[in-house]
Amino acid sequence: MARSSKEQVASNRQRIVAAASELFRTCGYDAVGIADVMKAAGMTQGGFYKHFATKEALACEAWSAGFAAVEAAWAGPGGEGAEDDGPSISAIVEYYLGVQPPEHRCPMQGHGEDAARSHEGGPLRAIYADGAGSLYQAFMAKAGKTMGEDRAKLLFAAMVGANMLGRASGEEDWTQDLKQAVRDAAK
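Residue 183 in full-length UniProt numbering sits at position 183 of the sequence shown, and the numbers go up by one each step.
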């Protein structure tokens, strides 16, 4: 049996992390097993332990990667409505409140319930707190250039809250009204 090259091992690990990230955001940590992740990655379950000691270790890496990807997207390069340093606050809010498939939603939404259920002081809660805190800081750094600090804090909380309410209640008319109010406040 041939051994995998270092590049192939790294590629396989990345496939596992990407599959886990999508599954954890879609189904939740408790509903996803190692077999599910490995099947989604196109690999056998037996190969999991060559890459990770535990499911929790995989989740920590997948959650961290998800938060880092969102933070990088918020930093730039910007698209329509972009400022010199990446997307504008209104573009970030618009994207955040837009309809995303569950596997691509923000990790603040996708992992919030799992983090709340995880044990206090544990690695999943720490990864969530660090990731959400980094997104908050990135938002505040960008928003501070165009609006006051208190308004930026309210906008961040409203953006996250309106999105959570919309997803949890099936995007009812009243949640669309909330989201529109947040969009208007970002202008």
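From the three backbone atoms N, C-alpha and C, an ideal C-beta is built for every residue, glycine too.
For clarity, every value in this text was computed on a predicted model and none was experimentally measured.
For the structure I just gave you, are there three or more beta carbon pairs, one from the region 158-166 and one from the region 96-104, closer than 8 Å? Because the criterion of three Cβ pairs below 8 Å is met, the region 158-166 and the region 96-104 touch.
Give me the residue from S90, G131, R117 with the minimum Cα distance to K145. The residue with the shortest Cα to Cα distance from K145 is S90.
Between the region 38-55 and the region 67-76, are three or more C-beta pairs nearer than 8 Å? By the Cβ rule, the region 38-55 does not count as touching the region 67-76, because fewer than three pairs are nearer than 8 Å.
Proximity winner among V17, E56, I34, relative to G46 (alpha-carbon distances): Answer by Cα proximity: I34.
Helix or strand or just coil, what does DSSP make of S114? According to the sequence as given, residue 114 is Asp; it is not Ser. Helix at D114.
Can you say whether S4 is buried or exposed, counting buried as having 16 or more other CB atoms within 10 angstroms of its CB? The residue is exposed, with fewer than 16 neighbouring Cβ atoms inside 10 Å.
Looking only at its own chain, which residues have a Cβ that is under 6 Å from the Cβ of S134, when we skip the five neighbours before and after it? Here S134 has E71 as same chain residues with Cβ atoms under 6 Å from its own Cβ, once five neighbours each way along the sequence are excluded.
Where does E171 fall in DSSP's three states? When secondary structure is reduced to three states using DSSP, E171 falls in the coil class, being assigned neither helix nor strand.
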